[in-house]
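Peer 1: Numbering (the working numbering), first residue to last: 17 to 308.
Cβ coordinates follow ideal geometry from the N, Cα and C atoms, glycine included.
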Ligand SMILES: Nc1ncnc2c1ncn2[C@@H]1O[C@H](COP(=O)(O)OP(=O)(O)O)[C@@H](O)[C@H]1O
Ligand SMILES: [Mg+2]
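#1: With hydrogens ignored, establish whether the beta-carbon of residue 55 is closer than 8 Å to any heavy atom of ligand 2.
#2: Just reading off the beta strand (DSSP E) that residue 266 is part of, what are its end residues?
#3: Looking at C-alpha atoms only, which residue of 19, 39, 29, 34 is the closest neighbour of residue 237?
#4: Any heavy atom of ligand 1 closer than 8 Å to the beta-carbon of residue 238?
#5: CB-CB under 6 Å to residue 179, same chain, minus the five flanking residues each way: which ones, in chain order?
#6: Could you please give me the residues that DSSP links to residue 33 through a beta bridge?
#7: What does residue 151 pair with, by DSSP beta-bridge criteria?
#8: Of the residues 273, 292, 271, which one's Cα is nearest the Cα of residue 281?
#9: How far does the alpha helix (DSSP H) with residue 239 in it reach, from first residue to last?
#10: What do you reckon, is the C-beta of residue 34 under 8 Å from a heavy atom of ligand 1?
#11: May I have the straight-line CA-CA distance separating residue 302 from residue 271, to the nearest angstrom?
#12: Which of the three DSSP states, helix, strand or coil, is assigned to residue 185?
#13: Helix, strand or coil: how does DSSP classify residue 123 here?
#14: Over what stretch of residues does the beta strand (DSSP E) that includes residue 11 continue unbroken?
#15: Give the DSSP-derived three-state secondary structure of residue 257 in the structure shown.
#16: Using a threshold of 8 Å, is the CB atom of residue 46 nearer than that to any non-hydrogen atom of ligand 2?
#17: Can you list, in chain order, the residues of its chain whose CB lies under 8 Å from that of residue 222, leaving out five sequence neighbours each side?
#18: Cβ of residue 38 less than 9 Å from any chain B Cβ?
#19: Go to residue 62, then tell me how far its alpha helix (DSSP H) extends in each direction, as first and last residue.
#20: Can you round the beta-carbon distance between residue 162 and residue 190 to whole angstroms, since I take them to be within the 8 Å contact cut?
#21: List the residues that DSSP assigns as beta-bridge partners of residue 14.
#22: How about residue 185: is its Cβ closer than 8 Å to a heavy atom in ligand 4?
#23: Output yes or no for whether 9 Å exceeds the beta carbon distance between residue 138 and residue 171.
#24: Buried or exposed for residue 258, please, with buried defined as at least 16 other CB atoms from any protein chain shown within 10 angstroms of its CB.
#25: Note down, one range per segment and in chain order, each beta strand (DSSP E) of at least 3 residues found wholly within the stretch 65-92.
#26: To the nearest angstrom, how far is it from the Cα of residue 71 to the Cα of residue 299?
#27: Is DSSP giving residue 280 helix, strand or coil here?
#28: Is residue 3 near ligand 1, with its Cβ less than 8 Å from a heavy atom?
#29: From 150, 76, 27, 64, pick the residue whose C-alpha is nearest to that of residue 273; which is it?
#30: Are residue 117 and residue 153 closer than 9 Å when you measure CB to CB?
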């Protein structure tokens with residue numbers, strides 16, 4: 017569904033150039049539910065905005081659903097944003113119009129398609145039911161809790177049947193219970209609709225519940241965790257509060273084109289490596305890195 021190859025994004029301001037993505041490699045399959053984590057400023061939003069067609073890459077390759085985002089004209093990009101991707105932001109104010117009810121808000125992205133008014137309304141109603149807001153269809157944003165507003169935002173993002181749902185820190189502004197509810201909703205939508213979901217988050221509890229977690233550091237994917245199969249089975253039988261993700265995932269490091277691999281502080285500490293010169297050997301078919 018998504019293929020990033022040596023993706024580079026440079027922001028130029030008056031005096032400085034910021035290299036927000038520095039040769040990022042990432043492949044995402046259709047129907048994946050994944051999280052992107054990383055420190056502030058590491059390039060998470062830049063990646064999401066680029067996949068969402070809001071920003072253009074500076075160099076490298078970016079293909080989404082078979083389309084080359086580098087080569088798209090402005091007009092094609094507008095079409096792409098309308099039909100291929102749906103966006104959920106952290107701030108509700110960026111997602112919802114305050115003077116419209118939930119039902120009206122969800123119809124906004126549908127205004128430019130050919131459906132008549134009744135069909136639009138019916139579709140919006142279905143989407144609000146899907147996100148669990150059947151009782152709130154006629155409420156205005158100010159009459160809803162933060163979590164409810166965020167669920168309306170998710171319904172809006174789904175309004176044009178996108179193939180990919182992109183969420184930038186969707187649980188950043190809500191309490192942990194609401195956050196759990198929103199996480200479960202993403203999982204449900206992914207399972208029921210087969211939609212590819214990418215969530216940028218600093219919420220580790222959210223990250224532990226998705227199939228795959230990639231960590232961005234300095235504009236590159238540094239490590240990747242894949243959920244273990246037995247955990248995936250257990251997660252489906254459990255309530256969201258009852259599991260902690262310590263044994264949930266296996267961690268992988270991503271080797272870049274120049275064969276560099278980043279090693280986390282935790283692993284260095286566990287191995288007692290505190291110098292910048294290390295010994296690298298092959299022992300029994302394994303690469304062993306040890307203190308000099
Ligand atoms: N529009 C922009 N203009 C200039 N610099 C930007 C812009 N957007 C992001 N950056 C810079 O790019 C880097 C990555 O930012 P961002 O992708 O927002 O990180 P994150 O979402 O992980 O916090 C940061 O150094 C940030 O200051
Ligand atoms: Mg960000």
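Peer 2: Let's see:
#1: Here residue 55 corresponds to residue number 39 of the chain shown, with the count starting at 1. Because no heavy atom of ligand 2 lies under 8 Å away, the Cβ of residue 55 does not count as near it: no.
#2: The count along the chain shown starts at 1 and reaches residue 266 at position 250. Run containing residue 266: 265-269, per the beta strand (DSSP E) assignment.
#3: For the purposes of this step, residue 237 is identified with residue 221 of the chain shown, where counting begins at 1. Of the candidates 19, 39, 29, 34, the residue whose Cα lies closest to the Cα of residue 237 is 39.
#4: Here residue 238 is taken as the residue at index 222 of the chain shown, counted from 1. Checking every heavy atom of ligand 1 against the Cβ of residue 238, none is found closer than 8 Å.
#5: As a first step, residue 179 is located in the chain shown; it is residue number 163 there, counting from the start. So the list reads 81, 100, once near-sequence residues are dropped.
#6: Here the question's residue 33 lines up with position 17 in the chain shown. Paired residues: 28.
#7: In the chain shown, counting from the first residue as 1, residue 151 sits at position 135. None; residue 151 has no bridge partner.
#8: Here residue 281 is taken as the residue at index 265 of the chain shown, counted from 1. Among 273, 292, 271, the Cα nearest to that of residue 281 belongs to 292.
#9: What you label residue 239 is simply residue 223 of the chain shown in a count that begins at 1. Boundaries for residue 239: no alpha helix (DSSP H) harbours it, while the beta strand (DSSP E) harbouring it runs 236-243, taken from the DSSP string.
#10: One-based indexing of the chain shown puts residue 34 at position 18. It does: the Cβ of residue 34 is within 8 Å (strictly closer) of some heavy atom of ligand 1.
#11: Here residue 302 refers to the residue found at position 286 of the chain shown. Here residue 271 refers to the residue found at position 255 of the chain shown. Approximately 15 Å between the Cα atoms of the pair.
#12: By 1-based counting over the chain shown, the position of residue 185 is 169. Residue state, collapsed to three classes: coil.
#13: Position 107 of the chain shown holds residue 123. It is helical.
#14: One cannot answer for residue 11 here, as it falls past the ends of the chain, which runs 17 to 308.
#15: What you label residue 257 is simply residue 241 of the chain shown in a count that begins at 1. Low per-residue confidence applies at residue 257: pLDDT is 45, beneath 50, and the placement is therefore not dependable enough to give any value.
#16: Working through the chain shown from its first residue, we reach residue 46 at position 30. Every heavy atom of ligand 2 is 8 Å or more from the Cβ of residue 46, so no.
#17: Here residue 222 refers to the residue found at position 206 when the chain shown is read from its first residue. Around residue 222: 51, 187, 195, 199, 215.
#18: Of the protein chains in the structure, only one exists, and it is not chain B.
#19: As a position in the chain shown, residue 62 is number 46, starting the count at 1. Element bounds for residue 62: 60-67.
#20: As a first step, residue 162 must be located in the chain shown, where it is residue number 146. As a first step, residue 190 must be located in the chain shown, where it is residue number 174. Indeed they touch by this definition, with Cβ atoms about 5 Å apart.
#21: Residue numbering for the chain in the displayed model covers 17 to 308; residue 14 lies beyond these limits and cannot be assessed.
#22: Ligands in the displayed structure: ligand 1 and ligand 2; ligand 4 is not one of them.
#23: Stepping through the chain shown from its first residue, residue 138 is reached at position 122. Stepping through the chain shown from its first residue, residue 171 is reached at position 155. With contacts defined as CB atoms closer than 9 Å, residue 138 and residue 171 fail to qualify as a contacting pair.
#24: Translated into positions along the chain shown, residue 258 becomes position 242. Note that residue 258 has pLDDT 46, beneath the 50 cutoff, so the model's placement of it is unreliable and the number below is only indicative. Residue 258 should be labelled exposed.
#25: 75-80
#26: Indexing the chain shown from 1 puts residue 71 at position 55. Indexing the chain shown from 1 puts residue 299 at position 283. Using only the alpha carbons, I get a separation of about 45 Å.
#27: Within the chain shown, numbered from 1, the residue matching residue 280 stands at position 264. Note: residue 280 maps to coil in three-state DSSP.
#28: Outside the displayed span of the chain (17 to 308) sits residue 3, for which this structure offers no information.
#29: By 1-based counting over the chain shown, the position of residue 273 is 257. Out of 150, 76, 27, 64, 76 has the C-alpha closest to the C-alpha of residue 273.
#30: As a first step, residue 117 must be located in the chain shown, where it is residue number 101. As a first step, residue 153 must be located in the chain shown, where it is residue number 137. Closer than 9 Å, so yes.
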